[in-house]
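For the protein sequence lines, the chains are W and Z, in the order given.
Everything in the first sequence is counted per this note's numbering, starting at 1 for the first residue and increasing by one.
Everything in the second sequence is counted per this note's numbering, starting at 1 for the first residue and increasing by one.
All residues carry an ideal CB built from backbone N, CA and C; glycine is no exception.
All remarks here apply to the structure that follows.
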Amino acid sequence: QKEVEQNSGPLSVPEGAIASLNCTYSDRGSQSFFWYRQYSGKSPELIMSIYSNGDKEDGRFTAQLNKASQYVSLLIRDSQPSDSATYLCAVQGYQKVTFGTGTKLQVIP
Amino acid sequence: DVKVTQSSRYLVKRTGEKVFLECVQDMDHENMFWYRQDPGLGLRLIYFSYDVKMKEKGDIPEGYSVSREKKERFSLILESASTNQTSMYLCASRQDYTGELFFGEGSRLTVL
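Pasting the structure below:
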């Protein structure tokens with residue numbers, strides 16, 4: 001079992017729709033959870049972090065964490081073509097940070 | 001702004017050559033990481049360091065070593081490059097309080 005799993009996609013959504021990205025992790029001791037966005041040819045950049053169970057909202061982005069189910073998700077409301085990128089889920093254990101393989105999102109104008 | 005600088009954007013080396021990839025951060029972060037990124041495999045952790053002269057193996061350390069003589073600099077070394085080490089290498093520095101990783105621009109290594 002991979003430590004951090006994501007559906008590779010591509011996930012295609014029409015402009016203005018909600019995009020839902022999911023991630024599961026195996027280490028119950030994981031402490032912090034992150035979503036990074038990576039445009040083609042660029043390095044990853046942080047868009048959301050979440051540390052406790054529940055929802056965290058920042059603009060059009062909402063991160064959700066359920067530690068009992070070992071599940072993290074990212075919702076993007078009012079999706080824009082500029083949101084088209086690969087979204088990487090990252091999980092921090094004691095010191096190590098492990099990434100999923102990423103989900104490619106395509107927002108269709 | 002945090003800046004993470006990787007010494008080379010593109011390198012072409014021959015099989016068996018020794019390769020140094022250098023990474024410098026300017027925010028006094030304790031933790032630094034080296035990942036490689038390959039299509040379909042995502043970012044895989046090679047090594048990380050949580051303090052000067054301290055290092056820990058990541059998930060794929062075979063064929064690599066690292067050096068951290070100064071807090072701001074973390075180097076990845078390929079003692080004898082092989083074709084299967086052709087990849088994009090990403091260095092990152094972690095902000096201690098938030099855990100956010102700041103990435104360099106990457107070094108694309110081709111081993112012929």
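Test item: CB-CB of residue i and residue j under 8 Å
i         : j        : result
Gln85(Z)  : Gly63(Z) : yes
Lys18(Z)  : Leu78(Z) : yes
Glu83(W)  : Ala17(W) : One point to set straight first is that residue 83(W) is Asp, not Glu, in the sequence displayed. Contact flag unset, no.
Tyr36(W)  : Leu88(W) : yes
Leu112(Z) : Arg14(Z) : yes
Gly16(Z)  : Ser65(Z) : no
Arg73(Z)  : Asn31(Z) : no
Thr86(W)  : Thr98(W) : no
Cys23(W)  : Gln38(W) : no
Leu65(W)  : Ile76(W) : no
Gln31(W)  : Glu56(Z) : no
Arg28(W)  : Gln92(W) : no
Tyr35(Z)  : Ala92(Z) : yes
Residue i - containing beta strand (DSSP E), residue span
i         : result
Glu56(Z)  : 54 to 57
Ala92(Z)  : 87 to 94
Arg37(W)  : 32 to 38
Val13(W)  : 11 to 14
Gly63(Z)  : No beta strand (DSSP E) holds Gly63(Z); DSSP gives it neither H nor E.
Ser49(Z)  : 42 to 51
Val111(Z) : 107 to 111
Ile76(W)  : 71 to 76
Per-residue burial, residue i [other beta carbons within 10 Å of its own, 16 or more giving buried]
i         : result
Leu109(Z) : buried
Arg68(Z)  : buried
Ile108(W) : exposed
Thr101(W) : buried
Thr83(Z)  : exposed
Met54(Z)  : exposed
Lys70(Z)  : exposed
Pro10(W)  : exposed
Phe103(Z) : buried
Val4(W)   : buried
Asp25(W)  : Just to set this straight, residue 25(W) is Tyr in the shown sequence, not Asp. Buried, by the Cβ-count rule.
Val52(Z)  : exposed
Ala63(W)  : buried
Beta-carbon neighbours of residue i, restricted to chain W and to distances below 9 Å
i         : result
Tyr50(Z)  : Gln95
Glu105(Z) : Lys42, Ser43
Leu45(Z)  : Lys96, Val97, Thr98, Phe99
Leu109(Z) : Those do not exist, as Leu109(Z) stays about 15 Å from chain W at its closest Cβ, beyond 9 Å.
Leu90(Z)  : Ser43, Pro44
Closer than 8 Å at the beta carbon, the chain W residues around residue i
i        : result
Glu56(Z) : Gln95, Lys96
Where residue i meets chain Z, residues with beta-carbon distance less than 8 Å
i         : result
Ser32(W)  : Gly99
Thr101(W) : Gly40, Leu41, Gly42
Gln92(W)  : Gly99
Whole-Å CB distance - residue i paired with residue j, under 8 Å assumed
i         : j         : result
Phe61(W)  : Ile47(W)  : 6 Å
Leu113(Z) : Phe48(Z)  : The structure shown does not extend to residue 113(Z), since chain Z is modelled only from 1 to 112, so the question has no answer here.
Ser75(Z)  : Glu22(Z)  : 5 Å
Arg44(Z)  : Ser107(Z) : Not confirmed; about 15 Å, so no contact.
Gln106(W) : Ser12(W)  : 5 Å
Gln6(Z)   : Glu105(Z) : 6 Å
Chain-ordered chain Z contacts of residue i [CB-CB under 9 Å]
i        : result
Ser49(W) : Thr98, Gly99, Glu100
Leu88(W) : Gly42, Leu43
Partner residues on chain W for residue i, Cβ-Cβ distance less than 7 Å
i         : result
Phe33(Z)  : Val97
Leu112(Z) : Those do not exist, as Leu112(Z) stays about 22 Å from chain W at its closest Cβ, beyond 7 Å.
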